[in-house]
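Enquirer: Once you've had a glance at the structure underneath, I'll fire off some questions.
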Ligand code: GDG
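In my numbering, the protein residues as written are 34 to 775.
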């Protein structure tokens, strides 16, 4: 069909029109109440709906009463609440028999939340509840969303017949069975035999409608602006509500037999011919592992865990910006075969993936990343293995990632790379002509100059890092270390937080990562917790001291066990009254140092249990496995002491999760290593030195003996920190800072 053929469908009888309201007939306004159709638009819709042979339906997410207030004329058909209610020729009918009662309580909780966040607004309808945040100040949206997603997620966990819908600055809970697409067969019936339909809309919910159309029908996407490049099932497009009004006037004129008005008609939607010249996403996140995607080690909690928090932190930011996430698929292919890449487009976030060659897995991932960079950056020189082959693989994988990224994102797009796996990524992208802002966040520590200089490629790595526009670290100490290394090893000029090198300015900043506190606060289903309850019963009255880590030599697990043994030796009154549960999540088992660590830990557990254990009491429960997140939250809550004592850690999220999970009326004590990045923010924890077993045993005794008032006072301050500096404020803060660099 060409534009000229619009005349054909405009004259066709019977004709059905399904027209969205907000963003299509009415421009967006600050509040939903302010976005009302003008008298002129209402009159136009009424004129069209009484034209002979036309059945006109306004299809909206709005509440039915509101919609009826705007379009009182019964000739205009109305579909409200995304299809849950509709008005044909007679009274309203509901299309779902789902009991909306649970929404009332959710609405109350969202109201309470909205009262604390100026600009937030709760809209209650008969079958849905929506939280609008368009009018919340940009820097404050993150805080609101962290809390709101917590509420919405726990509601959905208890009410699976509902689903969350993400709209334009609005999150809505609606019956999962409801879709705008249900309006398509309904309107076809109303319009009569031989009807052709035109569906028009701007929202993602309109795509359901577009997809439900038949071959003889037409679909028109209304784009807000020329930068709106989202995928659509629509065949035609218009720009903005003014063009929609003009086209509807044209349509009415044609049916009334008047001379056609000279207005822009819907133009064909041009699908991008290849990815490489497509404008692509405006934000590309890149990390070694992808969220919930991997085949090589499906049981590897390292993957699920490590990105789990990162996904919650980044998803709102990615969604708000139409972003994409690029990373390793988790698959390896023999070196004789070409590694494949691709895109998955069916989840909340678009994922682009890349396979690794087997040699890349060996030399890049296990080699340079985990046997050179990881030990150097954590200041463990004795664990280091350097090899030219590993370094070459490190650079090669950067080239492969840069090729994959260039195929997805335009030259001016924003790129956010994560962690030590991708230090040279900006350099590879600049060589391909990338012009847009590029930032990097380092999740592990940045070491001091004497340690960093051990790397044979120290200068080259720093030089590569300085191709980024923004480098984010967890703590001011890591920033200082980076600054000293750059000053000592490269001819740079440093002014406070900006490093000038080769005519390019790189901003450096401490931006401590946070968690989504609510995900650790809500109590879980009894069935999920059965296993944890059984473990707690087996501990009897003994107080629980809890350690949770990936099995990694940086986490100080042997040192922690030894200090616990010293406590039992130095303070025998604790024997039989305290048990240490150590959850060690399997990790990087193919790196030799990790296998050795496991054997060391098992030997220490055996020795201490052998020496102090009694028939009715086991001092240490060592669990080499992972738990589901709700189980972990319940373990945290049950523990009298969160025993978080890494020898060195970028941040340590377990410390924050433990605080978030406590009962504020009777909280446990966080015993935290002063060498974890978290210690820089969590000064109200009991700080300890994991290298000093007697000192740590004394600190453990103090934690176990702490009285309630002190526990509550410390916990209240720690909780305030964890809530204030959370995952979403971290992601938004990084992206805002990156935008400000240019
Ligand atoms: C790197 C940096 C930095 C643990 N056991 C289970 C489980 N976990 C989850 C925890 C927590 C995460 O794993 C551990 O995060 P950490 O921050 O403690 O440690 P790394 O893996 O080393 O992470 C670190 C972090 O990146 C973020 O920047 O803090 O310093 O080394 O979220 O909950 N999760 C589940 N089951 C388990 O058994 N589901």
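For every residue, glycine included, the Cβ atom is placed at its ideal position computed from N, Cα and C. Here the structure is a predicted model, which means the values were calculated and not measured.
Could you tell me the distance, in whole angstroms, from the CA atom of residue 311 to the CA atom of residue 439?
Expert: Counting from one through the chain shown, the residue named residue 311 turns up at place 278. Counting from one through the chain shown, the residue named residue 439 turns up at place 406. In this predicted model, residue 311 has a pLDDT of only 45, less than 50, meaning its place in the structure is not dependable; the value taken from the coordinates is given anyway. Going from the Cα of residue 311 to the Cα of residue 439 covers about 11 Å.
Enquirer: Taking only runs that begin and end inside the region 623-678, name each unbroken alpha helix (DSSP H) of 4 or more residues, in chain order.
Expert: The alpha helix (DSSP H) runs lying completely inside the region 623-678 and spanning 4 residues or more are 625-645, 662-671, given in chain order.
Enquirer: Could you check whether the region 382-401 touches the region 344-359, counting it as contact only if at least three pairs of C-beta atoms, one from each stretch, sit closer than 8 Å?
Expert: yes
Enquirer: How long is the line joining the alpha carbons of residue 486 and residue 476, rounded to whole angstroms?
Expert: Indexing the chain shown from 1 puts residue 486 at position 453. Indexing the chain shown from 1 puts residue 476 at position 443. Rounded to whole angstroms, residue 486 to residue 476 spans 20 Å at the Cα level.
Enquirer: If you run the structure through DSSP and keep just helix, strand and coil, what is residue 410?
Expert: The residue labelled residue 410 in the question sits at position 377 within the chain shown. If DSSP states are grouped into helix, strand and coil, residue 410 belongs with the helices.
Enquirer: Under a three-way DSSP split, which group does residue 196 fall into?
Expert: Along the chain shown, read from residue 1 onward, the residue named residue 196 stands at position 163. Note: residue 196 maps to strand in three-state DSSP.
Enquirer: CB residue 48 to CB residue 86, shorter than 8 Å?
Expert: The residue you call residue 48 lines up with position 15 of the chain shown. The residue you call residue 86 lines up with position 53 of the chain shown. Against a cut-off of 8 Å, the Cβ pair of residue 86 and residue 48 comes out as a contact.
Enquirer: Rounded to whole angstroms, what's the CA-CA distance from residue 739 to residue 428? Just pull it up for me.
Expert: The sequence position of residue 739 within the chain shown is 706, counting from 1. The sequence position of residue 428 within the chain shown is 395, counting from 1. Going from the Cα of residue 739 to the Cα of residue 428 covers about 51 Å.
Enquirer: Let me check understanding here. Comparing Cα to Cα, which of 712, 404, 157 lies closest to residue 508?
Expert: Position 475 of the chain shown, counting from 1, holds the residue named residue 508. Nearest option by C-alpha distance: 712.
Enquirer: Cα separation between residue 691 and residue 702?
Expert: Residue numbering aside, residue 691 sits at position 658 when the chain shown is read from its first letter. Residue numbering aside, residue 702 sits at position 669 when the chain shown is read from its first letter. Residue 691 and residue 702: Cα-Cα distance of roughly 9 Å.
Enquirer: Hey, is residue 715 close to the ligand GDG, as in C-beta under 7 Å from one of its heavy atoms?
Expert: Counting from one through the chain shown, the residue named residue 715 turns up at place 682. A distance criterion of 7 Å places the beta-carbon of residue 715 beyond contact range of the ligand GDG, judged by its closest non-hydrogen atom.
Enquirer: Quick one: using the 10 Å Cβ neighbour count with 16 as the cut-off for buried, is residue 444 buried or exposed?
Expert: The residue given as residue 444 occupies position 411 in the chain shown. Residue 444 is exposed by the Cβ-count criterion.
Enquirer: Going by alpha carbons, who is nearest to residue 267 out of 534, 273, 241?
Expert: Within the chain shown, numbered from 1, the residue matching residue 267 stands at position 234. Nearest of 534, 273, 241 to residue 267, Cα basis: 241.
Enquirer: So the beta strand (DSSP E) residue 95 belongs to, where does it begin and stop?
Expert: Indexing the chain shown from 1 puts residue 95 at position 62. It is not in any beta strand (DSSP E) - residue 95 carries neither H nor E in the DSSP assignment.
Enquirer: For residue 57 and residue 164, what's the separation of their Cα atoms in angstroms?
Expert: For the purposes of this step, residue 57 is taken as the residue at position 24 of the chain shown. For the purposes of this step, residue 164 is taken as the residue at position 131 of the chain shown. The straight-line gap from Cα to Cα measures roughly 21 Å.
Enquirer: Assuming the contact rule is C-beta atoms closer than 8 Å, residue 112 and residue 96 should be a hit. Round their C-beta distance to whole Å, please.
Expert: Taking the first residue of the chain shown as 1, we reach residue 112 at position 79. Taking the first residue of the chain shown as 1, we reach residue 96 at position 63. With a Cβ gap of about 12 Å, residue 112 and residue 96 do not count as contacting.
Enquirer: So who's on the other strand from residue 205, going by DSSP bridges?
Expert: Indexing the chain shown from 1 puts residue 205 at position 172. According to DSSP, residue 205 bridges with 163, 198.
Enquirer: Could you check if residue 539 is buried or exposed, using at least 16 other CB atoms within 10 Å of its CB as the buried criterion?
Expert: Numbered from its first residue, the chain shown carries residue 539 at position 506. Residue 539 is buried by the Cβ-count criterion.
Enquirer: Return the Cβ separation of residue 202 and residue 157 in integer angstroms, given the expectation that the two are a contact with Cβ distance under 8 Å.
Expert: Here residue 202 refers to the residue found at position 169 of the chain shown. Here residue 157 refers to the residue found at position 124 of the chain shown. Actually they do not touch by this definition, with Cβ atoms about 18 Å apart.
Enquirer: Around the C-beta of residue 454, are 16 or more other C-beta atoms found within 10 angstroms, so that it is buried, or is it exposed?
Expert: The residue given as residue 454 occupies position 421 in the chain shown. Buried, since its Cβ has 16 or more Cβ neighbours within 10 Å.
Enquirer: Nearer than 7 Å: is that true of the beta carbon of residue 580 relative to any heavy atom of the ligand GDG?
Expert: In the chain shown, counting from the first residue as 1, residue 580 sits at position 547. False, no ligand heavy atom lies under 7 Å from that Cβ.
Enquirer: Can you tell me where the beta strand (DSSP E) with residue 321 in it begins and where it stops?
Expert: For the purposes of this step, residue 321 is identified with residue 288 of the chain shown, where counting begins at 1. Its beta strand (DSSP E) spans residues 316-322.
Enquirer: Among 350, 511, 75, which has the Cα closest to the Cα of residue 765?
Expert: Counting from 1 along the chain shown, the entry for residue 765 is found at position 732. The shortest C-alpha separation from residue 765 is found at 350.
Enquirer: Residue range of the alpha helix (DSSP H) that residue 584 falls in?
Expert: On the chain shown, position 551 is the one that residue 584 refers to. Following the DSSP letters along the chain, one finds residue 584 in no alpha helix (DSSP H), marked with neither H nor E.
Enquirer: Contact check, residue 819 vs residue 638 under 8 Å by CB: the rounded distance?
Expert: Examination of residue 819 is not possible in this model, given that the chain is present from 34 through 775 alone.
Enquirer: In the DSSP assignment, the beta strand (DSSP E) including residue 607 goes from what residue to what residue?
Expert: As a working note, residue 607 is residue 574 in the chain shown. Taken as a continuous stretch (DSSP letters only), residue 607 belongs to no beta strand (DSSP E), as it is neither H nor E.
Enquirer: Find the nearest neighbour of residue 570 within the set 480, 671, 489, judged by alpha-carbon distance.
Expert: Counting from one through the chain shown, the residue named residue 570 turns up at place 537. Out of 480, 671, 489, 671 has the C-alpha closest to the C-alpha of residue 570.
Enquirer: For residue 397 and residue 771, I'd like the C-alpha separation in whole angstroms.
Expert: Taking the chain shown and counting its residues from 1, the one referred to as residue 397 is at position 364. Taking the chain shown and counting its residues from 1, the one referred to as residue 771 is at position 738. So the two alpha carbons sit approximately 28 Å from each other.
Enquirer: In this structure, does DSSP put residue 389 in helix, strand or coil?
Expert: Within the chain shown, the letter at position 356 stands for residue 389. Residue 389 falls in the strand class under three-state DSSP.
Enquirer: Given 7 Å as the limit, tell me if residue 680 has its C-beta closer than that to any heavy atom belonging to the ligand GDG.
Expert: Residue 680 sits at position 647 when you count from the first residue of the chain shown. Outside the cutoff, so no.
Enquirer: Mind reading off the beta-carbon distance from residue 217 to residue 245? Whole number of angstroms is fine, and I expect it under 8 Å.
Expert: Position 184 of the chain shown, counted from the start, is the residue given in the question as residue 217. Position 212 of the chain shown, counted from the start, is the residue given in the question as residue 245. About 4 Å; that satisfies the 8 Å criterion.
Enquirer: Is any heavy atom in the ligand GDG found nearer than 7 Å to the beta carbon of residue 392?
Expert: As a working mapping, residue 392 is identified with position 359 in the chain shown. It does not: the Cβ of residue 392 is nowhere closer than 7 Å to a heavy atom of the ligand GDG.
Enquirer: Grab me the residues of residue 776's own chain with a C-beta within less than 8 Å of its C-beta, minus the 5 sequence neighbours each way, in chain order.
Expert: A question about residue 776 goes unanswered here, because the residues of the chain that appear run from 34 up to 775.
Enquirer: Taking 7 Å as the cut-off, is the beta-carbon of residue 568 closer than that to any non-hydrogen atom of the ligand GDG?
Expert: Along the chain shown, read from residue 1 onward, the residue named residue 568 stands at position 535. It does not: the Cβ of residue 568 is nowhere closer than 7 Å to a heavy atom of the ligand GDG.
Enquirer: What are the boundary residues of the beta strand (DSSP E) that residue 449 is part of?
Expert: Looking up residue 449 in the chain shown gives position 416. Residues 447-451.
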